[in-house]
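Asker: Dropping a structure here in structure tokens format, bear with me for questions.
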Amino acid sequence: MAWEWFVSEVLASFPDLQHNAEEMIAEDNRVAVHFSARGTHTGQWLHFAPTGIPIEYTVEKPQWNPAGI
Numbered sequence: 070m071a072w073e074w075f076v077s078e079v080l081a082s083f084p085d086l087q088h089n090a091e092e093m094i095a096e097d098n099r100v101a102v103h104f105s106a107r108g109t110h111t112g113q114w115l116h117f118a119p120t121g122i123p124i125e126y127t128v129e130k131p132q133w134n135p136a137g138i
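So for the sequence shown, our numbering puts the first residue at 70; every next one is plus one.
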């Protein structure tokens with residue numbers, strides 16, 4: 070499964086990665102989420118060698134349907 074592979078690669082590359090849900094909105098069968106994440110690049114990520122540099126990013130309100138897509 071592509072998603073499982075992606076998540077395992079991310080966690081191997083950023084083992085201390087933490088996500089924080091900043092805001093969640095639910096209406097009917099839809100959910101929107103604004104979350105932030107931070108971690109340290111200590112493992113190989115695609116063709117990038119570990120840097121030891123901390124990263125931080127935010128995602129603005131993606132939506133998931135009942136199938137989780």
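Using N, Cα and C, we set each Cβ at its ideal position, and we do this for glycine too.
By the three-class DSSP mapping on this structure, what secondary structure does A176 have?
Answerer: Because residue 176 is not part of the residues shown, which for the chain are 70 to 138, the question remains open.
Asker: Applying the 10 Å Cβ sphere with the 16-neighbour rule, what's the burial state of F83?
Answerer: Buried, since its Cβ has 16 or more Cβ neighbours within 10 Å.
Asker: Going by DSSP in three states, A95 sits in which element: helix, strand or coil?
Answerer: The answer is strand: DSSP assigns A95 an E or B state.
Asker: Helix, strand or coil: how does DSSP classify A71 here?
Answerer: Reduced to three states, the DSSP call for A71 is helix.
Asker: Spell out the partners DSSP gives I124 in its beta bridges.
Answerer: Answer is G108.
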